[in-house]
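Numbering (this note's numbering), first residue to last: 7 to 123.
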């Protein structure tokens with residue numbers, strides 16, 4: 007089992023910044039993918055950004071140039087620096103951990119990000 011603890015959500019004005027953190031513990035693997043998805047009521051959960059244990063990244067087009075994902079492998083922690091936030095970024099953000107072996111995906115409890123106009 008893998009436990010994910012998220013922090014850093016909150017309320018911010020449009021144009022502002024927030025930083026999300028997610029620390030993984032438990033049955034973690036050195037080979038894994040960590041990242042963030044988000045969801046608004048009535049819509050499917052969508053990819054925001056992910057990063058592999060080797061550092062490769064993938065971003066949603068809607069956040070490219072504004073959000074930066076990074077990780078500290080020694081701390082098993084992933085970060086999401088969100089700049090130039092827009093009201094449409096308002097969502098619950100979920101931490102994601104994909105363990106390579108044995109293969110299994112895990113989700114955090116979610117943290118609310120609200121961007122006011």
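Backbone N, C-alpha and C fix where the C-beta goes; we use that ideal spot for every residue, glycine too.
Task: First through last residue of the beta strand (DSSP E) which encompasses residue 107 - done: Element bounds for residue 107: n/a, residue is neither H nor E.
Task: Closest residue to residue 119 among 25, 82, 63 and 109 (Cα-Cα distance) - done: Distances from the CA of residue 119 to each of 25, 82, 63 and 109 were compared; the closest alpha carbon is that of 25.
Open item on the list: Can you tell me whether residue 27 is helix, strand or coil according to DSSP?
Closed with: DSSP places residue 27 in strand when its eight states are reduced to three.
Open item on the list: Would residue 84 and residue 18 be called neighbours here (beta carbons separated by less than 8 Å)?
Closed with: Remark: C-beta atoms of residue 84 and residue 18 do not approach each other more closely than 8 Å.
TODO: Leaving out five residues on either side along the sequence, give the residues of the same chain with a beta carbon under 6 Å from the beta carbon of residue 98.
DONE: Excluding positions up to five away in sequence, the list reads 45, 116 and 118.
Task: C-beta atoms of residue 58 and residue 39 nearer than 8 Å - done: Pairing residue 58 with residue 39 gives a Cβ-Cβ distance under 8 Å.
TODO: Flag this pair as yes or no: are the beta carbons of residue 125 and residue 10 separated by less than 8 Å?
DONE: No answer is possible for residue 125: the residues shown for the chain start at 7 and end at 123.
Open item on the list: Tell me the residue span of the beta strand (DSSP E) that contains residue 18.
Closed with: Start and end: 16-19.
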